[in-house]
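Peer 1: Residue numbers (our numbering), protein chains in the order written: chain A, 1 to 473; chain B, 1 to 447.
Could you have a look at this structure, given as structure tokens, before my questions?
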């Protein structure tokens, strides 16, 4: 399987598609405005394409971009599954496009949908109450850690540390620091899982929470989860579940049943809302009953068929200016409703089978196991980043590279349930072709995407972050 | 005719055939799918969620049924979330799956399209503000303000922990700021406003060497255009505090350039271009001076060259970010609002500079005209502040504001009660055809 990405190049041959500002810029002087001159700017200079030019510009740009509908996208930890088309239509409904300042009595439909989604997510995660407000996974982490902080403060219990395994997502560390905690990093055991001995040493009176991903970023289930929960709870800490890998467990195990007190859901991963080139996502947070009093303001509740916003008794306040990423939540609801129990279980089963099957087909070493939704292969003597560039030439998006660091030259691979056996075989062929390619071939890659290998060092050393900063405009 | 497909009992988006599943299980040496789950018995879930699968058509009907319970109101609501007309071409182009279903551009060689679009978005914000560096997005204006506050503490040469914000500030925005302020031990305090604008003398009394940042908005949450932003900026700089300005891209098309009034950071909601009302769904913009580049939160797209010596784009300066720097990152943000930024850039380009300036001027004159018409009604004074307004304004009513809001709702209009006798009204080009009706209804309910 090979793939030549569309490549639009300018006549001058020193750039690909020209910038809008290079095609049709216009400067407008601001005169005779309805405001006094001292309150206005003098002029405005921006692109001014006619609609046909605009359409062609962005269509060409889209052709120089790779998405889930272009081909396999096994980017580890990102769950790049197929995004059902119909959810776009559902979210685009005119009666979904309402203003957040309306009185509750006039938005009963919106509140009812939110309430139903809160309920669904609670059932799926084994949690008693769920807020939809956090606009992304990291925002969910921040919400959850602020809840843990409020809980300890409510109990007059001063705690200063958050414990995080070394294999965790970078956001966990950054979130704990943002919330004002010291980070205690936990070394992984030889089997790639949490090592109980250093955990016992790390957890104590200062521990506000342990943040854990399960299955972890190596795709391994933390089999000692109950013991881990006991250690944290006995020390008075809370157990936080990073929901990035929930697609591995739907209907097989629930964070609430494993002893987790707080969790976030990455709906753009597990529940197939599109990733949009980096966002928007949404990061709802679920909690146990005793933590529901700390949820963000407002929360949605139902009484006798009427829905209303209310402020939980000891709310942490707000994490989004309004109610979060509403259109994404509508898509989430539609996806869960479409799949139901059977579909959700099937999604996880096929995601796990696909990861295990692919791991079996590739020639790179794949340490650890047994895997769930993802695995981390090692590129061995090859540079994982170079191997990834070469994979682009074989028509697939490469895995996440060089992370987690506990595997040398890591290729973190998550095929998701969206791939057929045939596409997994093609993906395996791409891995295996790259594995036997020479270092020189890897260093020259890629040649088939729109751009050749991009110079990252120059980009960072001499930052040019706008067309105003380009020399030739 | 059936509205289901052949995958009714599993996920319709997991395309393996039973034969493929069997072959794959065989290849991995597993007896069945369940045996793949390495979950101890004691924590295994053997229950049901109790969620019935629906067909695509049934799901759409269900959502239609739910949302159909929303009252059909003509909204004259704003306060940070605005309804501007979004041309069809934006939905059409942004909906292309190559954009919509892609992710963060970790492999820039296959993501030149989105990277260039984000580079163009950043560039538009640079033009609108006159500042040097814009990131690709924050979640919304409130979280962008929170990030600005934490940045002010990081870049300040002397210690300072006080963030000063205007008295008139959306409550939700202040609540988010307070949450961001908690970790780094910042305190948030308000400075007073006089007749709708910053009271510069009072701010001068209040500001001190412990002030890390002064925030002002134009237009304010009440729609008032600030008149002495330069003086606010000077005060901030006299105390080595950052001056952060809140605005939006439409207002910035007409109002003073932030660089000219001394702004160090510009935040605000940019989804007013590209996305209509969506229950508060936003796009946080974050623009600042080059000297703070290494402290900027979130993603940045930069220009570089590829091996063919052609200009190409890539995410850059990633050592600021959580996936590299972990607890020393400038922010925890990862997933952001990139696709919303794409829409904003498309809409801005569709309007062009003439269209943007016209739209901004319309926001000034429409609010002025509508306020004037309401002011003619007995029992109504509008606007209450003798200032220039943008999109929205406050009206004082003899009748209680809650009664005005309720009575107008029964006539099919939504306005916002600010205080006992204060009502806020917002108008954009999307309300053009309904303003006469609002004025007529107002006349009835204001008696």
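Ideal Cβ placement from N, Cα and C applies to all residues, glycine included.
Given the structure is predicted, the values throughout are model-derived calculations rather than measurements.
Is the beta carbon of residue 268 of chain B closer than 9 Å to that of residue 393 of chain B?
Peer 2: For residue 393 of chain B and residue 268 of chain B, no; Cβs fall outside 9 Å.
Peer 1: Given this structure, state the Cα-to-Cα distance separating residue 137 of chain A from residue 447 of chain B, to the nearest angstrom.
Peer 2: So the two alpha carbons sit approximately 50 Å from each other.
Peer 1: Can you name, in chain order, every residue of its own chain whose Cβ lies under 7 Å from the Cβ of residue 4 of chain A, other than the five neighbours on each side?
Peer 2: For residue 4 of chain A, where only same-chain residues beyond five positions count, the Cβ hits under 7 Å are 448.
Peer 1: Would you mind working out which of A/423, A/467, A/419 and A/372 sits nearest residue 33 of chain B, comparing C-alpha positions?
Peer 2: The option with the nearest alpha carbon to residue 33 of chain B is A/372.
Peer 1: Residue 417 of chain A versus chain E: which residues are under 9 Å apart at the beta carbon?
Peer 2: Absent from the structure: chain E. Protein chains present are A and B.
Peer 1: For residue 312 of chain A, which residues in chain B fall below 9 Å Cβ to Cβ?
Peer 2: Simply none; closest approach about 13 Å.
Peer 1: By DSSP's criteria, residue 166 of chain B is part of a beta bridge. Which residues make up the other side?
Peer 2: DSSP, once it has assigned bridges, lists B/191 as partnering residue 166 of chain B.
Peer 1: Going along chain A in order, which residues have a C-beta closer than 7 Å to the C-beta of residue 66 of chain B?
Peer 2: Those are 109, 112 and 113, listed as they occur along chain A.
Peer 1: Residue 44 of chain A CB to nearest chain B CB: under 9 Å?
Peer 2: Yes - at least one Cβ of chain B is within 9 Å of the one on residue 44 of chain A.
Peer 1: Output the distance between the C-alpha atoms of residue 67 of chain B and residue 95 of chain A, rounded to the nearest integer angstrom.
Peer 2: For residue 67 of chain B and residue 95 of chain A, the distance between alpha carbons rounds to 6 Å.
Peer 1: Run down chain B in chain order and give the residues with a C-beta less than 8 Å from the C-beta of residue 397 of chain A.
Peer 2: Result: 107 and 110.
Peer 1: Does the segment 280-287 of chain A come close enough to the segment 126-134 of chain A that 3 or more CB-CB pairs lie under 8 Å?
Peer 2: Yes, the segment 126-134 of chain A touches the segment 280-287 of chain A.
Peer 1: Please list the terminal residues of the continuous alpha helix (DSSP H) segment that includes residue 431 of chain A.
Peer 2: 421-436 is the extent of the alpha helix (DSSP H) around residue 431 of chain A.
Peer 1: Could you give the distance in angstroms between the alpha-carbon of residue 236 of chain A and the alpha-carbon of residue 189 of chain A?
Peer 2: So the two alpha carbons sit approximately 24 Å from each other.
Peer 1: Can you give the Cα-Cα distance for residue 101 of chain A and residue 274 of chain B, rounded to whole angstroms?
Peer 2: Rounded to the nearest angstrom, the two C-alpha atoms are 20 Å apart.
Peer 1: Looking at residue 384 of chain B: is its Cβ nearer than 9 Å to the Cβ of residue 396 of chain B?
Peer 2: In this structure, residue 396 of chain B lies closer than 9 Å to residue 384 of chain B by Cβ.
Peer 1: Reducing DSSP to helix, strand and coil, say where residue 454 of chain B ends up.
Peer 2: Outside the shown range of chain B, which is 1 to 447, sits residue 454 of chain B, and nothing can be said about it.
Peer 1: Looking at C-alpha atoms only, which residue of B/349, B/441, B/225 and B/402 is the closest neighbour of residue 21 of chain A?
Peer 2: If we check each option's Cα against that of residue 21 of chain A, B/349 comes out closest.
Peer 1: Residue 275 of chain A to residue 254 of chain A, Cα distance in whole Å?
Peer 2: Going by the C-alpha atoms only, they are around 24 Å apart.
Peer 1: If we count the other Cβ atoms within 10 Å of its Cβ and call it buried at 16 or more, is residue 248 of chain B buried or exposed?
Peer 2: The residue in question, residue 248 of chain B, is buried, as its Cβ has 16 or more Cβ neighbours within 10 Å.
Peer 1: Buried or exposed: residue 386 of chain B, going by 16 or more other Cβ atoms within 10 Å of its Cβ?
Peer 2: Exposed, because fewer than 16 other Cβ atoms sit within 10 Å of the Cβ of residue 386 of chain B.
Peer 1: Quick one: Cα of residue 186 of chain A to Cα of residue 192 of chain A, how far?
Peer 2: So the alpha carbons of these two residues sit roughly 12 Å apart.
Peer 1: Return the bridge partner residues of residue 131 of chain A from the DSSP annotation.
Peer 2: Paired residue(s): A/285.
Peer 1: From the DSSP output, which residues share a beta bridge with residue 182 of chain A?
Peer 2: DSSP output for residue 182 of chain A lists A/161 as bridge partner(s).
Peer 1: Residues of chain B with CB closer than 8 Å to the CB of residue 120 of chain A, please, in chain order.
Peer 2: By Cβ distance, chain B contributes 49 and 51.
Peer 1: Please name the residue in B/56, B/19, B/39 and B/83 whose C-alpha comes closest to that of residue 432 of chain B.
Peer 2: The shortest Cα separation from residue 432 of chain B among B/56, B/19, B/39 and B/83 belongs to B/83.
Peer 1: Strictly below 7 Å CB to CB, what residues from chain A border residue 295 of chain B?
Peer 2: The premise fails here: residue 295 of chain B is roughly 13 Å from chain A at the closest Cβ pair, so nothing lies under 7 Å.
Peer 1: Look at the alpha carbon of residue 147 of chain A and the alpha carbon of residue 104 of chain B, and state the distance between them as a whole number of angstroms.
Peer 2: Approximately 29 Å, taken between the alpha carbons.
Peer 1: Run through chain A and tell me which residues come within less than 8 Å of residue 227 of chain B, C-beta to C-beta.
Peer 2: Chain A residues near residue 227 of chain B: 39.
Peer 1: Could you check whether the Cβ of residue 190 of chain A sits closer than 9 Å to any Cβ belonging to chain B?
Peer 2: So no, residue 190 of chain A is outside the interface.
Peer 1: Buried or exposed for residue 256 of chain A, please, with buried defined as at least 16 other CB atoms from any protein chain shown within 10 angstroms of its CB.
Peer 2: Label assigned to residue 256 of chain A: buried.
Peer 1: Please report the straight-line C-alpha distance between residue 39 of chain A and residue 163 of chain A, rounded to a whole angstrom.
Peer 2: Using only the alpha carbons, I get a separation of about 52 Å.
Peer 1: Quick one: give me the first and last residue of the beta strand (DSSP E) that residue 65 of chain A is part of.
Peer 2: Careful: residue 65 of chain A lies outside any beta strand (DSSP E) and carries neither H nor E.
Peer 1: Any Cβ of chain B within less than 9 Å of the Cβ of residue 48 of chain A?
Peer 2: Chain B, which has a Cβ nearer than 9 Å to the Cβ of residue 48 of chain A, makes this yes.
Peer 1: Mind listing the chain A neighbours of residue 245 of chain B? Cutoff is C-beta to C-beta under 8 Å, in chain order.
Peer 2: Per Cβ cutoff of 8 Å: no residues; residue 245 of chain B is ~13 Å from chain A at best.
Peer 1: Kindly say whether residue 128 of chain B, judged by its beta-carbon, lies nearer than 9 Å to any beta-carbon of chain A.
Peer 2: Yes, its Cβ sits closer than 9 Å to a Cβ of chain A.
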